[in-house]
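Note that my numbering has the sequence shown beginning at 1498, numbered continuously upward. Note that beta-carbon positions come from the ideal geometry of N, C-alpha and C, so glycine has one too. Please read the structure below before turning to the comments.
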Amino acid sequence: MTPTPRTTQSPDPAPSGALRSLLPVLGAHRATVLRTCLAALVDQAALVALVTLAAYTVGTAVTEHRPPAPGTVAVLIGLVLLRALATWREMDLSHDLAYRVLAELRVRVFDGLARSAPARIAGRRSGDLAATALGDVEALEFFYAHAIAQLLASGVVLAVSAAVLAALGPWLLLAVVPAALLLIWSPLIEARGRAERGHRTRSALAELSSETVESVDGLRELLMTGSLNRRRARLRSAGRRLARAQRAEQSWETGAGAARDLLVVAAVIGVVAAAAHAAS
């Protein structure tokens, strides 16, 4: 089999409205979006209330040497049950929304490929193009199922929590606001690097998928021409490139996640330290 020439292009800088361009497809699902946002808001608010009340209960038990009142225990149990129910409901609604949207996007992608091919595939193999397009569509599942409602709910909870902390003691915000700003800005600062690493991973995956499909389709020709070993070598090489790209991407994301966790822990410690200093 004669290899089809491929062109490798570096990812273009993401436009400022890239995320906004993913939102219009939600217009046909406004009711589901609203219910998902409300469920996410209840989930996160219940978590904040549960952690706050649990910390207060433990602190009271340690400092005043008395067990929590039955009413407090009942409220804690109610918050646990409420959060479990809200978490389940939010996951159910968000994934239902995501899969409905992805179904529509797949139809649009295939319609676009049908209109463009073969005139506009720019020398790329159809396997590469289809694998990349479907991979990009599937990658949007995380955005629609785990980002929109959760980000909106987090913003509301953060604003309300900051207002409560400001009412209790403005100095408490000195520990929360810097950490919150860093958590918000860090993905924006590293957006280009993430796009480049994601592009390398998707390109390597598309290449491996296309090589595999073409190898299976042309197995008889490979056996007749004695090219099977060369094809195996190409598959191994493509697999190694994919593994390297995935390791680089996962290593960075693991480190970034650890840094975010440290920021959250530092903010909590700062709030506790500021409150202890004010109480002393």
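Classification of residue i by the beta-carbon crowding that lies within 10 angstroms, buried from 16 upward
i: Leu-1719; result: buried
i: Arg-1532; result: buried
i: Ala-1595; result: buried
i: Ala-1672; result: buried
i: Pro-1510; result: At Pro-1510, the pLDDT of 46 sits below 50, so the modelled position is not reliable; the number obtained from the coordinates is stated separately. By the 10 Å Cβ count, Pro-1510 comes out exposed.
i: Thr-1698; result: buried
i: Val-1598; result: buried
i: Ser-1518; result: exposed
i: Arg-1717; result: exposed
i: Leu-1520; result: exposed
i: Arg-1612; result: exposed
i: Leu-1590; result: buried
i: Ala-1528; result: exposed
Residue closest to residue i, alpha-carbon to alpha-carbon, out of the options
i: Ala-1543; options: Leu-1531, Pro-1521, Val-1572 and Val-1555; result: Val-1572
i: Arg-1605; options: Gly-1736, Val-1634 and Gln-1541; result: Val-1634
i: Ala-1677; options: Thr-1549, Ala-1771, Leu-1655 and His-1592; result: Leu-1655
i: Arg-1744; options: Ala-1770, Arg-1694, Ser-1712 and Ala-1672; result: Arg-1694
i: Ala-1742; options: Ala-1701, Val-1713 and Val-1768; result: Ala-1701
i: Val-1769; options: Leu-1662, Gly-1632 and Met-1588; result: Leu-1662
i: Glu-1638; options: Pro-1684, Ala-1775, Thr-1557 and Ala-1600; result: Ala-1600
i: Ala-1636; options: Ala-1692, Ser-1683 and Asn-1726; result: Ala-1692
i: Leu-1602; options: Ala-1755, Val-1522, Arg-1580 and Ala-1753; result: Val-1522
i: Trp-1682; options: Pro-1567, Ala-1558 and Ala-1753; result: Ala-1753
i: Ala-1688; options: Trp-1749, Val-1545, Asn-1726 and Val-1674; result: Trp-1749
i: Pro-1667; options: Leu-1725, Glu-1587, Ser-1591 and Ala-1775; result: Ala-1775
i: Ala-1756; options: Pro-1684, Gly-1690, Ala-1730 and Asp-1608; result: Pro-1684
Cα-Cα separation between residue i and residue j, rounded to whole angstroms
i: Gly-1524; j: Val-1530; result: 9 Å
i: His-1526; j: His-1643; result: 16 Å
i: Gln-1747; j: Val-1761; result: 21 Å
i: Thr-1549; j: Arg-1733; result: 53 Å
i: Leu-1516; j: Tyr-1641; result: 11 Å
i: Ala-1763; j: Gly-1715; result: 58 Å
i: Ile-1686; j: Leu-1680; result: 11 Å
i: Gly-1767; j: Val-1713; result: 59 Å
i: His-1562; j: Gly-1632; result: 58 Å
i: Pro-1565; j: Ile-1574; result: 13 Å
i: Thr-1751; j: Asp-1758; result: 11 Å
i: Arg-1586; j: Ala-1552; result: 26 Å
i: Ala-1581; j: Met-1588; result: 11 Å
i: Ala-1660; j: Val-1674; result: 11 Å
i: Leu-1665; j: Val-1765; result: 16 Å
i: Phe-1607; j: Asp-1593; result: 22 Å
i: Thr-1722; j: Gly-1690; result: 43 Å
i: Gly-1609; j: Ala-1730; result: 34 Å
i: Leu-1579; j: Thr-1560; result: 29 Å
i: Pro-1567; j: Gly-1556; result: 16 Å
8 Å Cβ shell around residue i - same chain, five flanking residues per side excluded
i: Val-1577; result: Leu-1547
i: Thr-1709; result: Leu-1732
i: Thr-1783; result: For the chain, the structure presents residues 1498 to 1777; residue 1783 sits outside this window and is missing.
i: Leu-1669; result: Leu-1662, Ala-1663, Val-1768, Ala-1771 and Ala-1772
i: Val-1545; result: Val-1654 and Ser-1658
Neighbourhood of residue i by C-beta distance below 7 Å, restricted to the same chain and skipping five residues each side
i: Gln-1541; result: Ala-1650, Ser-1651 and Val-1654
i: Ala-1558; result: Pro-1564 and Pro-1565
i: Arg-1728; result: Ser-1712 and Leu-1719
i: Leu-1725; result: Leu-1719
Cβ neighbours of residue i in the same chain (closer than 6 Å, five flanking residues each side left out)
i: Thr-1505; result: Low local confidence applies: a pLDDT of 45 at Thr-1505 is under 50, so the model's placement there is unreliable, and no value is given.
i: Thr-1584; result: Asp-1540
Taking 8 Å as the cut-off, does the segment 1532-1541 touch the segment 1634-1647 (at least 3 CB pairs, one atom from each stretch)? Counting C-beta pairs with one atom in each stretch, the segment 1634-1647 and the segment 1532-1541 have three or more that are closer than 8 Å, which means they touch.
Can we say the segment 1736-1746 touches the segment 1701-1712, given the rule of at least three CB pairs closer than 8 Å? The segment 1701-1712 and the segment 1736-1746 touch, with three or more beta-carbon pairs separated by less than 8 Å.
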